[in-house]
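The structure under discussion appears below in the form of structure tokens.
Protein chains: 2
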Amino acid sequence: MPRTAEQNQRLKEERRRALLKAAREVFARRGLAATKMTDLAAAAGISYGLVYHYFPDKESVFAALVEEAVRGGIELLASARRRPGTPWEQLHYVCTRLLEGIREEPSIPLILVQAHASESVPAVVEQALDRYSTQFNRHLEELIESGQKAGQIVNVPATELARTFLATVQGLALTQIFPQLRKTPFPSTDTILRLFKP
Amino acid sequence: MPRTAEQNQRLKEERRRALLKAAREVFARRGLAATKMTDLAAAAGISYGLVYHYFPDKESVFAALVEEAVRGGIELLASARRRPGTPWEQLHYVCTRLLEGIREEPSIPLILVQAHASESVPAVVEQALDRYSTQFNRHLEELIESGQKAGQIVNVPATELARTFLATVQGLALTQIFPQLRKTPFPSTDTILRLFKP
DNA sequence: GTCTATAATCAGATAGAC
DNA sequence: GTCTATCTGATTATAGAC
Chain A
1 MPRTAEQNQR
11 LKEERRRALL
21 KAAREVFARR
31 GLAATKMTDL
41 AAAAGISYGL
51 VYHYFPDKES
61 VFAALVEEAV
71 RGGIELLASA
81 RRRPGTPWEQ
91 LHYVCTRLLE
101 GIREEPSIPL
111 ILVQAHASES
121 VPAVVEQALD
131 RYSTQFNRHL
141 EELIESGQKA
151 GQIVNVPATE
161 LARTFLATVQ
171 GLALTQIFPQ
181 LRKTPFPSTD
191 TILRLFKP
Chain B
1 MPRTAEQNQR
11 LKEERRRALL
21 KAAREVFARR
31 GLAATKMTDL
41 AAAAGISYGL
51 VYHYFPDKES
61 VFAALVEEAV
71 RGGIELLASA
81 RRRPGTPWEQ
91 LHYVCTRLLE
101 GIREEPSIPL
111 ILVQAHASES
121 VPAVVEQALD
131 RYSTQFNRHL
141 EELIESGQKA
151 GQIVNVPATE
161 LARTFLATVQ
171 GLALTQIFPQ
181 LRKTPFPSTD
191 TILRLFKP
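As given, the protein sequences belong to chains A and B, one line each in that order. If you're matching positions, the first sequence starts at 1 in UniProt numbering and goes up one per residue. If you're matching positions, the second sequence starts at 1 in UniProt numbering and goes up one per residue.
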């Protein structure tokens, strides 16, 4: 009965996703080290032991989430570059989407913040971050340089602008953790893009 | 012999400081949960048990460091406001000092990032962060509003500007942890202050 | 004051019943 | 597949020798 096996496979995939979703919320707010397997189980509404049915260990759950977030970030930038429109419009799109993400679903960017925030992170995670930093930065710099050639972006070294932009975005995600700060008004795309104005 | 007692007191104070300094480096890069007492002892060059001679537990060491960083941040802003010069010049001073700090001694700002980065932080730490967020923000907003009245700062809501600035600063500290990013050029005060330009 | 050794606790991972 | 119970190792904190 290959049908049943396939359905089972699909069900397992679904449960795995649900677990990841729950785990994302927890890791995003506590970080890798402070999160216990019990927290993951509780958040997903399953028993302690069952987590090990889906992942070999805690690090693997976290690594899967980092992988996912990295993919999403790089994909966002790539899709922006494929868009019609000027470099400035593309940058505007990236910024808007990033801010939206941070405001509405901070867990995803926060996973990256948490991964960045500790040196004592598994090697796979470090490699994913490496890829992220390199690719995201390179694409962003290219975008900025295009904008500079078109006279739409100020003539400050692109690497400097890229790094500042990245810092702002990550910092905004970080401050979403803290309830006190989550209440203060969230900046608009236009405010953030002032950094790039000629 | 009150003299000897006093000297002892002073020596103990010194050792306590040395321990804090070593602990700061470790906590800054690993965070509270991922740091083991063995790490602190090793970093300070003392035995495991001796740490407990100076602090009752791990959390207290971290809390002391957060307290220190919060004090420093608030004091910086207060001293800037007492300075002669226009609001813009005061803001320039704050920004320069913050960037200097992040570049040369990232551990101090990183302690605040780490404290922000986990919900599962001791209550004393949370209270200190509350104070920090509230006071730092209020002073910064006042400074921004003064600058706006003087026509030196763009007319975007001060709360929004303050939050964005804080995010950028914290984000820059965060990216200092990651070796890959530490190599890319660090932004200048002028680049950061573009956010505020009219 | 400083260390090493020990006790107690806690969390990660596994085994085995249902 | 899912759970509970157990084992194992790591880590915190303490005790006691020097």
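Quick reminder that beta carbons are idealized off the backbone N, C-alpha and C, glycines included. In this text the structure is predicted, and so the values were computed from the model without any measurement.
For residue 73 of chain A, the enclosing alpha helix (DSSP H) covers residues 58-82. It is roughly 16 angstroms from the alpha-carbon of residue 27 of chain B to the alpha-carbon of residue 170 of chain B. Residue 30 of chain B reaches chain A at 118, 119 and 120, counting residues in chain order whose Cβ is nearer than 7 angstroms. Boundaries of the alpha helix (DSSP H) around residue 182 of chain A: 179-182. Look at residue 137 of chain B here: in three-state DSSP terms it is helix. Non-local beta-carbon contacts of residue 181 of chain B in its own chain, meaning distances under 7 angstroms to residues more than five positions away in sequence, involve 175 in chain order. For the set B:14, B:81 and B:20, the Cα lying nearest the Cα of residue 108 of chain B is the one of B:20.
Judged by pairs of C-beta atoms under 8 angstroms, the segment 111-120 of chain B does not touch the segment 41-52 of chain B, as fewer than three such pairs exist. Taking a 10 Å sphere around the C-beta of residue 148 of chain B, we find 16 or more other C-beta atoms and assign the residue as buried. When only Cα atoms are considered, residue 101 of chain A and residue 187 of chain A end up about 13 angstroms apart. Ranked by how close their Cα comes to the Cα of residue 65 of chain B, the residues B:85, B:122, B:159 and B:4 have B:122 in first place.
Cβ proximity to chain B below 7 angstroms picks out nothing from the segment 8-22 of chain A. In the three-state reduction of the DSSP assignment, residue 48 of chain A falls in the coil class. Per the C-alpha coordinates, the member of B:190, B:128 and B:25 positioned closest to residue 93 of chain B is B:190. The residues 22, 23, 25 and 26, in chain order, have a CB closer than 8 angstroms to that of residue 43 of chain B in the same chain once the five nearest residues on each side in sequence are set aside. Per DSSP, residue 94 of chain B is one residue of the alpha helix (DSSP H) stretching across 87-104.
Per DSSP, reduced to three states, the secondary structure at residue 152 of chain A is coil, with no helix or strand assignment. The Cβ atoms of residue 88 of chain A and residue 152 of chain A lie closer than 8 angstroms to each other.
With a contact defined as Cβ atoms closer than 8 angstroms, residue 91 of chain A and residue 167 of chain B miss out at about 18 angstroms.
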